[in-house]
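Chemist: Residues 1 to 326, numbered by the UniProt record's numbering, are exactly what the sequence shown covers, in order.
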Amino acid sequence: MAFADPTSDWLQNLPDLRGRLSANAMLSDITWFRVGGPAQVLFTPADEADLVYFLKSIPADVPVFTMGLGSNLLVRDGGVRGVVIRLGRGFGTIEVLGPDRLRVGTAVPDVKVARAAGEAGIAGLHFYRGIPGSIGGALRMNAGAHGVETKDVLEYVRAVDRAGNVHELSVADMGYTYRHCSVPADYIFTQATFRGQPGEPSEILKQMEEVADYREQNQPIRERTGGSTFKNPNGHSAWKLVDQAGCRGLRVGGAKVSEMHCNFLINDAEATAEDVERLGETVRARVKATSGVTLNWEIIRLGEPVEGRPTGEALAELSNTGAGKQ
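Encoded structure:
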């Protein structure tokens with residue numbers, strides 16, 4: 001499907017825009033699942049000032065969404081109406097501020113933050129070695145691994161809201177809980193300052209290698225996947241509930257529950273986004289039926305289905321009735 005292209009009209013009102021606008025850009029090319037439809041407009045700002053200029057200039061009723069590396073994102077097959085903003089090189093700086101502090105742009109991959117901190121002798125950020133995606137997503141989701149979360153090492157964040165206003169937020173302002181922050185959804189994080197502890201680079205590197213080895217041995221990191229699919233419910237491990245519900249290896253169309261780690265969904269046979277979402281909803285329904293526990297998605301689902309197709313929990317009903325794509 002293709003959306004109407006508003007970029008020509010917008011560019012008349014944006015003579016000083018330095019970033020790149022692309023109409024009907026296929027998001028399946030830049031998301032880790034490799035599924036989904038187009039963005040009506042994909043915008044890559046040159047830097048924070050360019051982002052501010054753009055947001056202040058486009059119509060206020062245009063929906064705006066932000067993506068990083070596309071690792072924790074499922075874009076539906078009908079695409080995304082409005083603007084998808086993808087932060088790039090202008091948000092890719094890393095600056096060591098001292099023996100225990102680091103300032104980074106939010107387009108920086110998590111693994112590069114871990115590496116830069118280690119080389120600078122800043123301990124405490126090694127866990128980012130095991131988190132796919134960029135720092136912007138880590139801030140939004142309070143990403144964590146191996147007993148450490150983003151909230152434990154974050155000091156300050158810069159963000160731009162939908163109206164183009166710049167905000168500076170402390171970690172207390174982020175309202176963090178497990179895999180969640182309470183900052184308004186329209187805030188686009190542009191920069192973050194982290195504080196760790198002084199450490200020995202060799203010891204930090206050893207910790208990072210242990211994290212990397214764990215991922216290699218226990219997660220399907222070489223597959224087309226979006227990372228952990230469901231949040232861990234209180235008192236439970238999501239993967240154990242999925243396994244106990246008999247869902248390890250379960251398939252819908254071209255999507256499959258990983259047999260290596262069953263909290264991962266993988267696209268191993270040219271899946272559609274509907275295949276992936278329907279598989280996830282089928283898993284949720286089976287876990288609820290067997291354990292009474294409701295799993296909540298950790299992966300962000302974005303956009304519209306193909307016209308006339310369902311989304312969300314209605315997809316699980318297709319599996320129950322045998323209707324839909326097999």
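For glycine and all other residues, C-beta sits at the position ideal for the given N, C-alpha and C.
Quick caveat, the model's predicted, so the values are computed rather than measured.
Identify, in the order they occur along the chain, each residue of the same chain with its Cβ nearer than 6 Å to the Cβ of E304, setting aside the five sequence neighbours on each side.
Modeler: R76 and G78
Chemist: Once the 5 residues before and after N13 are set aside, which same chain residues still bring their CB inside 7 Å of it?
Modeler: S57
Chemist: For G196 and G124, which I take to be in contact (beta-carbon distance under 8 Å), what is that distance rounded to the nearest angstrom?
Modeler: 3 Å
Chemist: To the nearest angstrom, report how far apart L139 and C181 are at their CA atoms.
Modeler: 8 Å
Chemist: Which same chain residues end up closer than 7 Å to C247 when comparing Cβ atoms and leaving out the 5 residues on each side of it in sequence?
Modeler: V257, C262, V283 and R286
Chemist: Report the three-state DSSP secondary structure of E298 (helix, strand or coil).
Modeler: Three-state result, E298: coil.
Chemist: Would you decide whether G249 is buried or exposed? Buried here means 16 or more other CB atoms lie within 10 Å of its CB.
Modeler: G249 is classed as exposed because its beta carbon has fewer than 16 other beta carbons within 10 Å across all chains shown.
Chemist: Take P132 and list the residues in its own chain whose beta-carbon comes closer than 6 Å to its own, dropping the five residues that flank it on each side.
Modeler: So the qualifying residues of the chain are S71 and G227.
Chemist: Using the beta-carbon count (16 or more within 10 Å), is Y178 buried or exposed?
Modeler: exposed
Chemist: So for S8, helix, strand or coil by DSSP?
Modeler: helix
Chemist: Spell out a yes or no on whether the segment 95-113 and the segment 184-192 are touching, meaning 3 or more CB-CB pairs, one atom from each, closer than 8 Å.
Modeler: yes
Chemist: In terms of alpha-carbon separation, which member of G253, E298 and V148 lies closest to V35?
Modeler: Ranking the options by Cα distance to V35, first place goes to G253.
Chemist: Identify every run of the alpha helix (DSSP H) within the segment 112-172, keeping only runs that are complete inside it and at least 4 residues long; order them along the chain.
Modeler: 135-141
Chemist: Would you report the Cα separation of M26 and M260, rounded to the nearest angstrom?
Modeler: Whole-angstrom Cα-Cα distance: 30 Å.
Chemist: Does the distance from the C-beta atom of V171 to that of E149 stay below 8 Å?
Modeler: no
Chemist: Going straight from the alpha carbon of G92 to that of I135, what length do you get?
Modeler: 10 Å
Chemist: What runs of the beta strand (DSSP E), each 3 residues or longer, lie entirely inside the segment 57-110?
Modeler: 64-67, 73-75, 80-86, 94-96 and 101-105
Chemist: Looking at the structure shown, is A271 part of a helix, part of a strand, or coil, going by DSSP?
Modeler: coil
Chemist: Taking F54 as the reference, which of N165, R115, R158 and L73 has the closest Cα?
Modeler: N165
Chemist: According to DSSP, is I204 helix, strand or coil?
Modeler: Annotated three-state conformation of I204 is helix, per DSSP.
Chemist: Check N234 in the structure and name its three-state DSSP category.
Modeler: coil
Chemist: Can you tell me whether DSSP reads L315 as helix, strand or coil?
Modeler: helix
Chemist: As a quick exercise: from S22, E95, F127 and R115, pick the residue whose alpha carbon is nearest that of V83.
Modeler: S22
Chemist: For G121 and A4, what's the separation of their Cα atoms in angstroms?
Modeler: Put simply, the backbone Cα of G121 is about 51 Å away from that of A4.
Chemist: Are there 16 or more other CB atoms within 10 angstroms of the CB of E48, so buried, or fewer, so exposed?
Modeler: Classification of E48: buried, given that the 10 Å Cβ count is 16 or more.
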